[in-house]
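K.L.:
With positions in the sequence shown counted from 1, the corresponding number in the working numbering is that position plus 292. Handing you this structure, nothing more for now.
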Amino acid sequence: MADPRKYPEITINPESIRQAIDARMNARLKMWMRICAHCGLCADTCHFYVAKDRDPKMVPSYKAQKLKEFVKKKGQVDEAYLKEIYDIAYGDCTVCRRCTMFCPFGIDMATMVATLRGILTSQGMAPEGLKAAIKNYQETGNQMAVSEEDWVETLKWMEEELQEELPGAVIPIDKKGAKIMYTVNAREPKFYPQDIQLAAKVFHVVGEDWTFPSKVGWDDTNLAMFAGDLKTAGYIVQLIRDAAEELQVQRVVITE
Ligand code: SF4
Ligand code: SF4
293 MADPRKYPEI TINPESIRQA IDARMNARLK MWMRICAHCG LCADTCHFYV AKDRDPKMVP
353 SYKAQKLKEF VKKKGQVDEA YLKEIYDIAY GDCTVCRRCT MFCPFGIDMA TMVATLRGIL
413 TSQGMAPEGL KAAIKNYQET GNQMAVSEED WVETLKWMEE ELQEELPGAV IPIDKKGAKI
473 MYTVNAREPK FYPQDIQLAA KVFHVVGEDW TFPSKVGWDD TNLAMFAGDL KTAGYIVQLI
533 RDAAEELQVQ RVVITE
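Below you can see the structure in the form of structure tokens.
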């Protein structure tokens, strides 16, 4: 269960909830909501079910069927109900998709729970950390709100340190036509810049032709997906694609 002290502020707008549901209800979701045979084969595949003494509420199909129930309510919900959905969507499922691998119908419970998250996010209900990261992506193109100036300065700083060990090694920025555009987790320039230096060392030693983009498109994390915010998630991917096209690279390589 999510910590009740950390519920986001809730303002119930039935029409807005209805619209958010309608916008997400595609044929696949409708089919999955209908075909579950309640066979229970997915139960043991979920770590929450196993860890919580086989609580029936932790069975993946139970959690996924909450979407069906939510849709039926057509926005006529109260605060307690939204909190219950919030607990399931964020507290009882990591959206890992393990259960889907075992369902004979291939019902994607994770996508259904992610849809619940998306509907909640559309109503302003998401963990504060995720909301802050989404705002950062929208305003700066990366989850940690690293400015372009700080990003480039960090790369130069790491290059300088690297050259003390490997004279001639460089961290290329905006190199058009490079084979690889390398992207990182925005936490790297913010907290772990040495990780960038280590990757640069590997690229140098193997003689790789690579580059970083200087502006946006270098953060390969996508926390908007965790909140079911598909619009922002698509925007983040587009930034990477645009940078790769602009630099005319052959491939994008991501960290981790
Ligand atoms: S395995 Fe599939 S069909 Fe069976 S209960 Fe789970 S989701 Fe439903
Ligand atoms: S997707 Fe959710 S319900 Fe399915 S196994 Fe992972 S945590 Fe459990």
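Even for Gly, the Cβ is constructed at its ideal location relative to N, Cα and C.
Quick one: residues in its chain with C-beta nearer than 6 Å to the C-beta of PRO396, no 5 flanking neighbours on either side, listed in chain order?
P.N.:
Once the five neighbours on either side are set aside, PRO396 has no close Cβ partner at all.
K.L.:
Could you tell me the distance, in whole angstroms, from the CA atom of ILE309 to the CA atom of VAL369?
P.N.:
Looking at the two C-alpha atoms, the distance is approximately 9 Å.
K.L.:
Give the straight-line distance between the Cα atoms of VAL342 and ALA470, rounded to the nearest whole angstrom.
P.N.:
Spanning the two alpha carbons is a distance of roughly 48 Å.
K.L.:
In the DSSP assignment, what are the bridge partners of PHE504?
P.N.:
PHE504 is bridged to ILE465.
K.L.:
In chain order, what residues of the same chain have a beta carbon less than 8 Å from the beta carbon of TYR373, not counting five sequence neighbours either side?
P.N.:
Once the five neighbours on either side are set aside, the close Cβ partners of TYR373 are LYS365.
K.L.:
Here's the rule I'm using: 16 or more other beta-carbon atoms within 10 Å means buried, otherwise exposed. How should ASP347 be labelled?
P.N.:
Classification of ASP347: exposed, given that the 10 Å Cβ count is below 16.
K.L.:
Using beta-carbon positions only, say whether ALA516 and TYR429 come within less than 8 Å of one another.
P.N.:
Yes; because the gap between Cβ atoms is below 8 Å, this pair is in contact.
K.L.:
Hey, is the stretch 314-326 in contact with the stretch 384-393, meaning 3+ C-beta pairs nearer than 8 Å?
P.N.:
As far as the Cβ criterion goes, the stretch 314-326 does not touch the stretch 384-393, which means the pair count is below three.
K.L.:
If you draw a straight line from the alpha carbon of ILE490 to that of GLN415, how long is it in whole angstroms?
P.N.:
According to the sequence displayed, residue 490 carries Leu and not Ile. Distance between the alpha carbons of LEU490 and GLN415: 42 Å.
K.L.:
Cβ of PHE397 versus every heavy atom of ligand 2: is any distance shorter than 7 Å?
P.N.:
It does not: the Cβ of PHE397 is nowhere closer than 7 Å to a heavy atom of ligand 2.
K.L.:
Express the C-alpha separation of THR503 and VAL541 in angstroms, rounding to a whole number.
P.N.:
VAL541 and THR503: Cα-Cα distance of roughly 9 Å.
K.L.:
Measuring CB to CB, does THR413 end up less than 8 Å from MET401?
P.N.:
No, Cβ-Cβ distance for THR413 and MET401 is not below 8 Å.
K.L.:
Look up VAL351 in the DSSP assignment and say whether it is helix, strand or coil.
P.N.:
Coil.
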